[in-house]
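Okay, so here's the structure we're looking at.
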Amino acid sequence: ERDPSDYYGSPLRNRAALASLVVLALMALACIFGPWFTGHPYDRVYQDYVRVPASLSAYPKAEALPAAVQRIASRIRATPSEITVEAQEVRLVLTAQRPIDQRLLVYFDRSDQFGTPRLLASEQDGRRLALAVPIKRQHFLFGTDSNGRDLLTRTLVAGRVSLAIGLLATGVALVIGVAYGATAGYLGGRIDMVMMRIVDVLYSLPFIFLVILLVVFFGRNFILMFLAVGAIEWLDMARIVRGQTLSIKRQDYVLAAEALGVSTGGILKRHVIPNTLGPVIVYVTLLVPKVILLESFLSFLGLGVQEPMTSWGVLISDGARAIQATPWMLAFPAAFLVTTLFALNFLGDGLRDALDPRDR
């Protein structure tokens, strides 16, 4: 007969949980270190690449270069001709009725598509210039947003913010909720009644009003704000732990510990809290995405993450408003968020099986 620990004793035996742990680790590493290797600052605006689709090949595309040359030539007040697109540069001839001021060629350099032009020849008293203009190659693997910013970099930076906020608020809720709920459930009686009535009073307070007060007193510091989010989200955690504790404190091993004179703190630490970890861990895996979505709502109201910083919730909100014209703005941030949610759910199941002493 197999030992039950073969099934529940190690989280490594749960393949879905192990795969989810690997996915979350890779996601965290990508969000932390990835923006350093994309080649684009998260707040850099490329005016020539607004809402360009995701592509594995470099921009600008060859078919778009003649139109780009035409736009710049119109600012120089010249007419382009003999445009030849090569691998690394564009060769062209500019003609005008008056001598062309060569200082205006800086418009090419200011463009996101071209570098500093090289003068090959000047004819007709400067009214005809032959130029070789180098091409600036840019890669936008996830495309760009409505302001021309690289979506891959912004998605990874947003992951830093969303994951940090989710873990920070959830950690606060976990510590307060478990301690409060276990204490109330184990002590029982009037103490339990008073403690749970306090929870009911806190439930009745308007959450958005509390956040607005925090913004007024502390400014738009999202770390302090989401500490407050965790300080509100612990209410559900406390109720879950209290319900589990009411059942656990009637178990024989708890009664035996009381008979042996073990202190209340020792019973809570050794017997009550470890046996509530199963549902607590599952709830934590649901609380992290809940906090991430809550952050999105607060940012929409102007109380959360502010530009140029971003989060997955903000990116999804922006992408949803432009889904018909630019579906990639919604697809990539949503894919990261959905992957994180699934991984957290599978990981929660594995941790519940591994940490719940009753399943061993």
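Residue numbers for the sequence shown follow the working numbering, so the first one is 2 and each next one is one higher. For each residue, glycine too, the CB sits at the ideal point set by N, CA and C. Note that the structure is predicted; figures quoted are calculated from it, not measured.
Could you pull out every residue in the same chain whose Cβ sits closer than 6 Å to the Cβ of Ser163, ignoring the five residues on either side in sequence? Within the sequence shown, numbered from 1, the residue matching residue 163 stands at position 162. Excluding sequence neighbours, Ser163 sits near Ile293, Ser312, Trp313.
Given this structure, state the Cα-to-Cα distance separating Gly189 from Leu206, to the nearest angstrom. For the purposes of this step, residue 189 is identified with residue 188 of the sequence shown, where counting begins at 1. For the purposes of this step, residue 206 is identified with residue 205 of the sequence shown, where counting begins at 1. Cα to Cα, Gly189 sits roughly 25 Å from Leu206.
Just reading off the alpha helix (DSSP H) that Arg82 is part of, what are its end residues? If you number the sequence shown from 1, residue 82 lands on position 81. The question names Arg, but residue 82 is Ser in the sequence shown. Counting along the chain, Ser82 falls outside any alpha helix (DSSP H), though it belongs to the beta strand (DSSP E) covering 80-86.
Keeping to the same chain, check which residues put their C-beta closer than 6 Å to that of Gln139; ignore five residues upstream and five downstream. Here residue 139 refers to the residue found at position 138 of the sequence shown. Answer for Gln139: Tyr60, listed in chain order.
Excluding five sequence neighbours on each side, which residues of the same chain lie with their C-beta closer than 6 Å to the C-beta of Pro118? Mapped onto the sequence shown, residue 118 falls at position 117. Same-chain partners within the cutoff: Leu106, Phe109, Leu132, Val134.
Can you have a look at Ser6 and say buried or exposed, based on whether 16 or more other CB atoms are within 10 angstroms of its CB? The residue given as residue 6 occupies position 5 in the sequence shown. Unreliable positioning characterises Ser6 in this predicted model, as indicated by a pLDDT of 46, which lies under 50. A coordinate reading is not provided.
Within the continuous alpha helix (DSSP H) that includes Val23, where are the two ends? On the sequence shown, residue 23 is found 22 positions in, with the first residue counted as 1. Looking at the DSSP string, the run of the alpha helix (DSSP H) that includes Val23 is 16-34.
Test item: CB-CB of Leu152 and Thr145 under 7 Å: Taking the first residue of the sequence shown as position 1, residue 152 is located at position 151. Taking the first residue of the sequence shown as position 1, residue 145 is located at position 144. Yes.
Three or more C-beta pairs under 8 Å: does that hold for the region 63-75 against the region 165-173? no
Checking 7 Å against the spacing of the C-beta atoms, do Leu66 and Val94 come in under that value? Looking up residue 66 in the sequence shown gives position 65. Looking up residue 94 in the sequence shown gives position 93. No, Cβ-Cβ distance for Leu66 and Val94 is not below 7 Å.
Where does Leu236 fall in DSSP's three states? For the purposes of this step, residue 236 is taken as the residue at position 235 of the sequence shown. Three-state result, Leu236: helix.
Do Gly35 and Leu142 have their beta-carbon atoms positioned less than 7 Å apart in this structure? Taking the sequence shown and counting its residues from 1, one reaches residue 142 at position 141. Taking the sequence shown and counting its residues from 1, one reaches residue 35 at position 34. The answer is no: Cβ separation not under 7 Å.
Going by alpha carbons, who is nearest to Tyr50 out of Ala79, Gln114, Val23, Ala332? Position 49 of the sequence shown holds residue 50. Nearest of Ala79, Gln114, Val23, Ala332 to Tyr50, Cα basis: Gln114.
If distances are taken between C-alpha atoms only, which option among Val70, Ala257, Val91, Gln125 comes closest to Ala97? Your numbering for residue 97 matches position 96 in the sequence shown. Looking at the Cα atoms, Gln125 is the closest of the given residues.
According to DSSP, what are the bridge partners of Phe219? Translated into positions along the sequence shown, residue 219 becomes position 218. In the DSSP output, where bridge partners are listed per residue, Phe219 has none listed.
Can you give the Cα-Cα distance for Gly160 and Gln245, rounded to whole angstroms? In the sequence shown, residue 160 corresponds to position 159, counting from 1. In the sequence shown, residue 245 corresponds to position 244, counting from 1. Looking at the two C-alpha atoms, the distance is approximately 34 Å.
Taking a contact to mean a Cβ-Cβ separation below 7 Å, would you say Ala344 touches Leu57 in this structure? Residue 344 sits at position 343 when you count from the first residue of the sequence shown. Residue 57 sits at position 56 when you count from the first residue of the sequence shown. It is not a contact, given that the beta carbons lie outside the stated cut-off.
Pro42 versus Glu83, Tyr284, Asn276, Met310, residue with shortest Cα-Cα distance: Locating residue 42 in the sequence shown gives position 41, where the first residue counts as 1. Out of Glu83, Tyr284, Asn276, Met310, Met310 has the C-alpha closest to the C-alpha of Pro42.
Leu302 - DSSP class collapsed to helix/strand/coil: Taking the sequence shown and counting its residues from 1, one reaches residue 302 at position 301. DSSP places Leu302 in coil when its eight states are reduced to three.
Within 7 Å, strictly: CB atoms of Ala174 and Met238: Here residue 174 refers to the residue found at position 173 of the sequence shown. Here residue 238 refers to the residue found at position 237 of the sequence shown. Yes, these two residues count as a Cβ contact at 7 Å.
According to DSSP, what are the bridge partners of Gln139? Within the sequence shown, the letter at position 138 stands for residue 139. The partner list for Gln139 (beta bridge, DSSP) reads Tyr60.
DSSP on Phe115, reduced to helix/strand/coil? Position 114 of the sequence shown, counted from the first residue, corresponds to residue 115. Three-state result, Phe115: strand.
Keeping to the same chain, check which residues put their C-beta closer than 6 Å to that of Tyr8; ignore five residues upstream and five downstream. Locating residue 8 in the sequence shown gives position 7, counting from the first residue. Because the pLDDT of Tyr8 is 43, which lies under 50, any placement of that residue in the model is unreliable, and the number read from its coordinates should be weighed accordingly. Nothing meets the Cβ criterion.
Assigned exposure category for Gly267 - 16 Cβ within 10 Å defines buried: What you label residue 267 is simply residue 266 of the sequence shown in a count that begins at 1. Exposed is the call here.
Is the region 249-258 touching the region 192-208, taking contact as three or more C-beta pairs under 8 Å? no
Kindly indicate which residue of Gly40, Ala55, Val242, Glu234 has the alpha-carbon position closest to the one of Pro208. As a working mapping, residue 208 is identified with position 207 in the sequence shown. This sequence places Phe at residue 208; Pro is not what is there. Checked all of Gly40, Ala55, Val242, Glu234; the closest Cα to Phe208 is Glu234.
Just how far apart, CA to CA, sit Asp4 and Asp44? For the purposes of this step, residue 4 is identified with residue 3 of the sequence shown, where counting begins at 1. For the purposes of this step, residue 44 is identified with residue 43 of the sequence shown, where counting begins at 1. Because the pLDDT of Asp4 is 47, which lies under 50, any placement of that residue in the model is unreliable, and the number read from its coordinates should be weighed accordingly. Between Asp4 and Asp44, the C-alpha separation is close to 55 Å.
Below 7 Å between beta carbons: does that hold for Arg271 and Gly182? For the purposes of this step, residue 271 is taken as the residue at position 270 of the sequence shown. For the purposes of this step, residue 182 is taken as the residue at position 181 of the sequence shown. No; because the gap between Cβ atoms is not below 7 Å, this pair is not in contact.
Please report the Cβ distance between Tyr47 and Gly149, rounded to the nearest whole angstrom; I am assuming they are in contact, meaning their Cβ atoms lie under 8 Å. One-based indexing of the sequence shown puts residue 47 at position 46. One-based indexing of the sequence shown puts residue 149 at position 148. Indeed they touch by this definition, with Cβ atoms about 4 Å apart.
Collapsed DSSP secondary structure at Asp110 in the structure displayed: Taking the sequence shown and counting its residues from 1, one reaches residue 110 at position 109. Looking at Asp110 - three-state DSSP - the assignment turns out to be helix.
CB Val315 to CB Ser300, shorter than 7 Å? Here residue 315 refers to the residue found at position 314 when the sequence shown is read from its first residue. Here residue 300 refers to the residue found at position 299 when the sequence shown is read from its first residue. In this structure, Ser300 lies closer than 7 Å to Val315 by Cβ.
Does Val306 get closer than 7 Å to chain B when you measure Cβ to Cβ? Absent here is chain B; the protein component of the structure consists of one chain.
Helix, strand or coil, according to DSSP, for Leu120 in the structure here? Within the sequence shown, numbered from 1, the residue matching residue 120 stands at position 119. Note: Leu120 maps to strand in three-state DSSP.
Since Arg92 is in the beta strand (DSSP E), which residue starts that stretch and which ends it? To locate residue 92, count along the sequence shown from 1; it is residue 91. Looking at the DSSP string, the run of the beta strand (DSSP E) that includes Arg92 is 90-96.
In this structure, how does DSSP classify Val134 when only helix, strand and coil are distinguished? For this step, residue 134 is matched to residue 133 along the sequence shown. If DSSP states are grouped into helix, strand and coil, Val134 belongs with the strands.
Using the three-state DSSP reduction, which class does Leu49 fall into: helix, strand or coil? Taking the sequence shown and counting its residues from 1, the one referred to as residue 49 is at position 48. Per the sequence presented here, residue 49 reads as Asp, with Leu not at that position. Correct three-state label for Asp49: coil.
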